[in-house]
Every structure is written in structure tokens, then in C-alpha cells.
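Report on the structure given below.
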Amino acid sequence: MLFLKQLTKTKTLIAILALISLSACSDKAPGPASEGQTRKPQVSVIDIEPTSQVMITTLQGRTAPYMVAEVRPQVGGILQKRLFDEGAEVKEGQPLYQIDPTVYEAQVASAKAELARAESVLYQSQLTAKRYAQLVKTEAVSKQQNDDAQAAVRQAQAAVQAAKAQLKTAQINLDYTTIRSPIDGKAGRSLVTPGALLSGYQANNMVVVQTLDPIYVDVNQASGDLLKLKKELAEGKIKATKGEIPIQLILEDGTKYSLPGSLTLSEVSVDQGTGTLTLRAEFPNPDGLLLPGMFVRAELPQGVRENA
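All residue numbers for the sequence shown refer to the numbering used here, where the first residue is 30 and numbers rise by one.
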């Protein structure tokens, strides 16, 4: 009897818990699953049409100056002063350094004196030769004497020409004491200071001048990719780009350079060590944003694929 009472209590407790669970479920809001069942699916439609697609290859490379001049002295001497500001723009022919010109000025003066002496000897020889040419007609002098006088004139003329050449050489050396920029560009750091002893055509340069506007960008393309491109061009799968090839530059920070460049050179040989071919592009650089040695990427159009 006691067992039946406990069984009845247990059944009653289970029934109460079931009713509580059903009421809690009925109070809950419908979940995402129920919403998905009633929502209609959304479908987007895209019309695909064949069109011409430009084939663009991204290549890595570095910038290089348009022109480079390593300035060296052409005569020896003591450097007196520097005539430019480091890092400044310089023009072709602008004085950069001044070497002590005293010795070379003396050489010019000596060459001028030698020329004056040679011209004086020539004048005297011409007078003698002219007089002997008249006297030989009356046999007042011998033919040998007349011939010697005429030969002396020619020797004096040669001496004058030699003296003029020496004077020109001395003047050139004097002009070389003022060291000038051979190109337009930006001067780098000066490697010599006033008081330094210089020698003509020495191995060490004094300063480097670089033309940076425009500037070159040298990129490398794998020879295998180039062969594949040529094969597709030959088979007519893609068409070659006509006219000047514009190139877009991507800088080290990922931004695009605002001014486009153009391809100017393609090497005729492949580097045996890397198996790549060097392509050179030219970019305007009016603001000096691009500097030699910068790592860049170039987007190079290499053809047009029809019906892509």
C-alpha cells in the first residue's frame, strides 16, 4: 500500500514538470529557423558578355637615375673651396669646386711669351727670305743662301703653331681648375673638403651628380613568361598592344604613382644567373618623389585578349 502511494506521487510530479515545460516553450518567440522557413530566397542575376581584356603583368624592380656623372678633377692641385650646396640642384656648366690656379696661370703666361718670341722670329725670317728672293735674281746671293732663308721661314711658322698649341693647352688646364658640373641634376654629398690635394683623373670622385627628372625604372621579367607571351601572340590568342605602352607604378607603401610612364628598353639577352630579362621604363619625376634605388612594382600591359 505504501508503494502504491509513492508511485502515485511520482507520476503526479512528472506530469506537473511536463506542463511547465510546455508552457515555457509556447511563450518563446519563433527562432531563426522558423523565420527562414517563411522567408523567400533572394536570387541575383548577372549577364555575362565577351569583351576585350587587357593582359597586365605586375613586375618588381628598382628606380635608377636618368643620367649619372661622377665628378673628378682633370688637373692636380690644392682644393681652395666648394662652390655648391650639398643636395642642391645644379646646372650643366655650373662651377662646383675651385682648385688653386696659381701654377696654371704662370704656365699660361709662359706660353704667351713663347708665342710672342716665335712670332718675332717668324717676322724676321720672312723679311730675310723676301730680301734674298730679290738678291738671288741678280746673283748677289747664292741659291743655297736663298733656299736656307725660305726654309727658315717654314721652320719659324711651325714654331709659331707649336707655341699656339702650348698656349691652348695651358689655357685648358687653367680652365680645368674650375671644376664644373657636366650635367643638370642633383648634387650628392661632397667627398672632399678645401685643402685636399687632388690629382688629375684620380680614381676617387669628388661628388656624384644625378639627373632624376625623368627617372628610369628597371624591372625584371622571367624569360619563360616572355616565351609564353610570344607563343600566345603567334597563335593569335592575344593581340599585341599598339603604340606607346603606358605603365603604372606602385610604390613601396602600396600607393600608386600619379604619373604614368612608358617602356623605353628591352634587353636583348637573358641574365644567366636569374633567368630574367630587364625591361626599362621612363617616368616623369617633377616633384622628386622617386629616388634612385627605391623598390617598386610596375603594372605592364602586354597584350589584349579578345572575347574574354
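Backbone N, C-alpha and C define an ideal beta-carbon position, used for all residues, glycine too.
Give me, in chain order, the residues of the same chain whose beta-carbon lies closer than 8 Å to that of residue i; leave out the 5 immediate sequence neighbours on both sides.
i    : result
I107 : I128, D129, G224, A225, L226, L227
Q136 : A199, N202, L203
L196 : V137, A140, K141, E143, L144
G217 : E115, G116, V236, V237, V238, Q239
K172 : V165
I279 : T87, K285, Y286, V325, R326, A327, E328
L31  : Residue confidence for L31 is low, a pLDDT of 42 falling below 50, so the modelled location carries little weight; the figure read from the coordinates is stated next. Same-chain partners within the cutoff: there are none.
T303 : N249
CB-CB under 6 Å to residue i, same chain, minus the five flanking residues each way: which ones, in chain order?
i    : result
S124 : Here the sequence assigns Pro to residue 124, which means Ser is not the residue at that position. Contacts found: L112, T207, R209.
L164 : V170
A158 : A178, Q179, V182
V189 : A147, E148, L151
A98  : P211, I212, V238
Which whole-angstrom value is the C-beta distance of residue i and residue j, which I expect to be below 8 Å?
i    : j    : result
M96  : T293 : With a Cβ gap of about 14 Å, M96 and T293 do not count as contacting.
A327 : G90  : 6 Å
K247 : A147 : According to the sequence displayed, residue 247 carries Asp and not Lys. At roughly 56 Å, the Cβ-Cβ gap does not stay under 8 Å, so D247 and A147 are not in contact.
N249 : L329 : Not really, about 11 Å apart at Cβ, beyond 8 Å.
I244 : L319 : 5 Å
Y205 : Q277 : Actually they are not in contact, since the Cβ atoms of Y205 and Q277 sit about 46 Å apart, beyond 8 Å.
N175 : A162 : 6 Å
A310 : S298 : Wrong, their Cβ atoms sit about 19 Å apart, outside the cutoff.
What did DSSP end up calling residue i once you bin it into helix, strand or coil?
i    : result
I201 : helix
L144 : helix
E115 : coil
D242 : strand
Q184 : helix
R326 : strand
G317 : coil
T86  : strand
S154 : helix
R218 : coil
K120 : coil
A169 : coil
L280 : coil
A232 : coil
V189 : helix
Looking only at DSSP bridge pairs, what is residue i linked to?
i    : result
N338 : The structure shown does not extend to residue 338, since the chain is modelled only from 30 through 337, so no value can be given for it.
Q127 : K110, T207
T92  : V246
S291 : P275, E311
E99  : V237
L227 : G106
K159 : Bridge partners of K159: none, in fact.
Enumerate in chain order the residues of its own chain whose CB-to-CB distance from residue i is below 7 Å, with the five nearest sequence positions on each side excluded.
i    : result
Q109 : Q127, I128, D129, P223
P315 : D242
E121 : S210, P211, I212, D213
P313 : D242, P243, L288
G105 : L227, S228, G229
Would you verify that the beta carbon of residue i is, or is not, closer than 9 Å to some beta carbon of chain C?
i    : result
P313 : Structure shown: chain C not included; a single protein chain is present.
(message) For the structure I just gave you, are there three or more beta carbon pairs, one from the segment 211–228 and one from the segment 173–191, closer than 8 Å?
(response) They do not touch, by the three-pair rule.
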